[in-house]
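Each step along the sequence shown adds one to the number in the UniProt record's numbering, with nothing skipped, and position 49 is 49.
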Amino acid sequence: MKEITHETPLRRVRRESGQTLKSVADSVDYDVGNLSRVERNLQKAPADLAERLSRHFEGRISELQILYPDRYMPPVSDSSTNSLAEGARAQ
Numbered sequence: 001m002k003e004i005t006h007e008t009p010l011r012r013v014r015r016e017s018g019q020t021l022k023s024v025a026d027s028v029d030y031d032v033g034n035l036s037r038v039e040r041n042l043q044k045a046p047a048d049l050a051e052r053l054s055r056h057f058e059g060r061i062s063e064l065q066i067l068y069p070d071r072y073m074p075p076v077s078d079s080s081t082n083s084l085a086e087g088a089r090a091q
C-alpha cells in the first residue's frame, strides 16, 4: 500500500474550494469511499470520473492531474536511501 506524504492535486483543489468529500462525491455521482481512495492516490480514477471532477471544479484541476497525480506532486525523499548514500561517502 502506498504511503501518503504529500497532498494530491485533487485533495488540494477540493480543500481550497471548501467542499467536503461527500459533497463532491454526490455532485459527480461517485461513491464517497472510492473517491476518498482516488483522492489519496490509493486507487486510479477512471477517465470518466476525471472528466466529471474537472468540470465540477470548473477547470481548476485538469483531467491529467487527476489521472496521474504523481506527476504533479513534489518528489518524496527516501530517508533510508539518503542515509545509505551518506554512509558510503563517509567511508
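Note that CB positions come from ideal geometry on N, CA and C, so glycine has one too.
All values derive from a computational prediction rather than experimental measurement.
{"Check": "Using only alpha-carbon positions, find the residue among ASP70, VAL76, PRO75 that is nearest to GLU39.", "Outcome": "ASP70"}
{"Check": "Report, in whole angstroms, the separation of the C-beta atoms of ILE53 and LEU10, which I expect to be a contact under 8 Å.", "Outcome": "As written in the sequence, residue 53 is Leu, which differs from the Ile given in the question. LEU53 to LEU10, Cβ: 7 Å. Contact."}
{"Check": "With distances taken between CB atoms, is the gap from ILE66 to VAL13 smaller than 7 Å?", "Outcome": "no"}
{"Check": "Entirely within the UniProt domain \"HTH cro/C1-type\" (10–64) and at least 4 residues each: give me those alpha helix (DSSP H) ranges in chain order.", "Outcome": "21–28, 32–39, 47–56"}
{"Check": "For PHE57, which residues in the same chain have their Cβ closer than 7 Å to its Cβ, ignoring the five residues on either side in sequence?", "Outcome": "VAL13, SER17"}
{"Check": "Rounded to whole angstroms, what is the Cα-Cα separation between PRO74 and HIS6?", "Outcome": "7 Å"}
{"Check": "Within 10 Å of its beta-carbon, does LEU64 have 16 or more other beta-carbons around it, so buried, or fewer, so exposed?", "Outcome": "exposed"}
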